[in-house]
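K.L.:
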Amino acid sequence: MFAYDYPLGGVFLSMLYFFLFFIWIWILITVFIDIFRSQDLNGWIKALWVIFVIILPFLGVFVYLIARGGKMQERKLEEAAQQKTAFDQYVKEAAGTSGVDVASQLSKLAELKSQGVLTDAEFDTQKAKILATS
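Here the sequence shown stands for residues 140 to 273, where the numbers follow this note's numbering.
1. Any contact between the stretch 261-269 and the stretch 242-251? By contact I mean 3 or more CB pairs, one from each, below 8 Å.
2. Report the option in I184, V200, D179 and A242 whose CA atom is closest to the CA atom of W165.
3. May I have the straight-line CA-CA distance separating P196 from T169, to the nearest angstrom?
4. Using the C-alpha atoms, what's the distance from V230 back to A220?
5. Going straight from the alpha carbon of P146 to that of D173, what length do you get?
6. Rounded to whole angstroms, how far is the Cβ of R176 from the Cβ of R214, which I believe are closer than 8 Å?
7. How about W183 and Y203: do their beta carbons lie closer than 8 Å?
8. Pick helix, strand or coil for Y156, following the three-state DSSP scheme.
9. Unbroken beta strand (DSSP E) runs of length 3 or more, entirely within the stretch 145-213: which are they?
10. Contact check, I269 vs V241 under 8 Å by CB: the rounded distance?
11. My output table needs one value for L216: the three-state DSSP class, helix, strand or coil.
12. What's the C-alpha gap between F158 and L198?
13. Can you name, in chain order, every residue of its own chain whose Cβ lies under 8 Å from the Cβ of Q244, other than the five neighbours on each side?
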């Protein structure tokens, strides 16, 4: 009723072929992305690399990785550093700006109150407004 003609070794071999094919596609896409993102190559050189990788895929990818693999890593590290810097700057702006503004406004209010410019009621209403907007 349930015939079994596919040996266990065949299953493992099929899985290995599938994962090798998947890794190959991943490397190929990574190389194409790097070719087009590379700022140090002009359009003609990019076109030649693309043609080389399309016509001779295995050789083209391996030659590209050997010839420009180090620069691929440098560009990835630079891009990651730029993204980290931009993220850190965004976090500082998002977290620091509102906190500093509220704190500085409250300190100014406290100074005005201590100088006698504001009454207790005015100080409380202004303080409530500042805290409500933050």
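In this text, a Cβ means the ideal position worked out from N, Cα and C, and glycines have one as well.
P.N.:
Per the coordinate set shown:
1. yes
2. V200
3. 13 Å
4. 15 Å
5. 41 Å
6. 7 Å
7. no
8. helix
9. none
10. 6 Å
11. helix
12. 20 Å
13. I269
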